[in-house]
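Quick note, the sequence shown lines up with residues 121 to 558 if you use the numbering used here. Ideal Cβ placement from N, Cα and C applies to all residues, glycine included. Predicted model only: the values in this text are computed from it and were never measured. Reviewing the structure listed below.
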Amino acid sequence: MYHVVPDIFVEKRQDGKFLIFSPMMGKVSLVNAEVLISFKSSCQSNFKGSSAEQTSLFLQLGLISNSEIAMPNYTLPPFQPTEVVLFPTNECNARCIYCYGNTGEIEVRNLDFGVAKQSIDFIVSNALIKGAKEFSTGFHGGGEPTYNWELLVNSVMYAKELAKKTGLHSTTSIGTNGILGEKRIEWIIENINMVTLSFDGPEDIQNKNRPLVNGGASFPYVSHTARRLIDAGTDVTIRATITSESVYRLEEIFDYFVSLGIKSMHFEPLSECGRCITTHQTSPEALTFVNNYFPLIQKAKDKGIDFGNSLGQLRGIKSSFCGASGDNFFVTPEGYITSCLEVSLLSDPRSSIFFYGKVNTDKDEMEIDEKKRTLLASRQVYNMPGCNDCYAKWSCAGECPAKAESAGMLFNVEPDYIRCQMQKIMVKKRLEQSVSGG
């Protein structure tokens, strides 16, 4: 017995052929009208009159299956994370012109080591209970993690100490702006496993987008940090923010990072929030970004570079965009538990959605709001009516929750939303590339 595969998307091209995308089966095909007419007829007869040749073709195209396809249905697991990301501070030594955290304009908050220690204890305990072999401690947030240097060092050393005591493997990661002195660079090389370096490209772009607090140039610091990390063999990924101005220089930015020896890059289009409101920085137009970005995919592949972003990834099926709708365990400078890197302070209106607990050091416990977790977990693409008929739904998975919430559409993204447009254009480009043999 044959079963029709759900969520098949068909689009007629200008040449008269039809692009068929079956995400559930991971199939992309180009067919003529006769194939679609034959398939429709076979469906109506429940495939009873279909020839072996026809059913073989339908199977090959991912239109039918020998067994019923189980649709994604996310079940929220018990709260037992073995990974934590700590936000050491919301203070920063840069004044990026698009900063989502508005650093320098809000009251400074620093994470207490007691909160960090309890959070690490918690994930180690969970790892032992679950029989895991490792635990992970990361550092990120609305400010620069290294600005609370003592907290960073003490937390990493404590994680190492627990790893030695328990026999578990400890991994550490950090997202940094790279404005660092030599001693701190050396410490990171020796003690941090993975580094994500915020770096926007050549000197003029970097200095404009990511100036120092005093307005000075950050490029000399960050380029030096990048070279030191690369020379030391550190696992480093460049994270570049692309604005409506720098989008036309994507290849130049890419080539610059290649010249440094970078092997992993993430180019993300700017989302208009935070300081963008006062500096009037804007996101690239959707088609402009994709058209400038897409040629670099093959160029990166040819050079053996890991190159990507959060747009239009055809890597299987996913029902949620990220762990913000799952079990992310991020601890803010104020000791709250958030599921999103972009929502780090209680004063952020979005905290009412993304904050789902607090680290209580007085009672030595995690205060978890299970109703909040359940609400966040319900943000699955199959629960979002606006995504029902979109061919990008299982790749985009409802887009970034924090950005969608900022746009007032957390649980039902509208088709004209700019991030939605970018996702669809990118997926379409990838599908066309697949059928053209690219």
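In this structure the region 292 to 308 does not lie against the region 235 to 255, because fewer than three pairs of beta carbons, one per stretch, are closer than 8 Å. For L380, same chain residues with a beta-carbon under 8 Å away, outside a window of 5 residues either side, are S343, A346, R347 and I350 in chain order.
Looking at the DSSP output, L150 sits in a beta bridge with L139. The DSSP-derived three-state label of R359 is strand. Within the region 495 to 540, the runs of alpha helix (DSSP H) at least 4 residues long that lie entirely inside it are, in chain order, 513 to 516 and 521 to 526. A distance below 7 Å between beta-carbons, with the five flanking residues on each side excluded, links Y376 to the following residues of its chain, in chain order: G321 and P322.
Looking from the CA of I249, the closest CA among F199, E281 and D509 belongs to F199. In the pairwise beta carbon analysis, the region 448 to 455 is classified as touching the region 194 to 209: at least three pairs are separated by under 8 Å.
In the three-state DSSP reduction, I305 falls in the helix class (H, G or I).
In this model, Q418 and Q553 are separated by some 11 Å (Cα to Cα). The three-state secondary structure of F319, taken from DSSP, is coil.
Of the residues V276, K492, E487 and V130, the one whose Cα lies closest to the Cα of H289 is V276. The beta carbons of L431 and L139 sit no closer together than 8 Å. Excluding five sequence positions before and after S187, the CB atoms of its chain that fall closer than 7 Å to its own CB belong to H123, given in chain order. Counted as a single uninterrupted DSSP element, the alpha helix (DSSP H) harbouring H344 occupies residues F339 to D351. In the structure shown, T195 falls within a coil segment according to DSSP collapsed to helix, strand and coil. When S515, L407, E131 and T266 are compared, the shortest CA-CA separation from R304 is found for T266. By the Cβ-count criterion, T195 is exposed, with fewer than 16 other Cβ atoms from all chains shown falling within 10 Å of its own Cβ. Closest in alpha carbon position to V228, among F178, T402 and C212, is C212. Here the alpha carbon of E525 sits roughly 7 Å from the alpha carbon of R470.
In this structure, the beta-carbon distance from S185 to V273 does not fall below 8 Å. Shown here, I240 sits in a helix according to DSSP, grouped into three states. Contact between the region 421 to 441 and the region 482 to 495 is not established, with fewer than three Cβ pairs separated by less than 8 Å. Cα atoms of I373 and I473: separation of roughly 36 Å, rounded to the nearest angstrom. Ranked by how close their Cα comes to the Cα of S149, the residues N166, C163, S161 and R133 have R133 in first place. Boundaries of the alpha helix (DSSP H) harbouring S275: W269 to T286, taken from the DSSP string.
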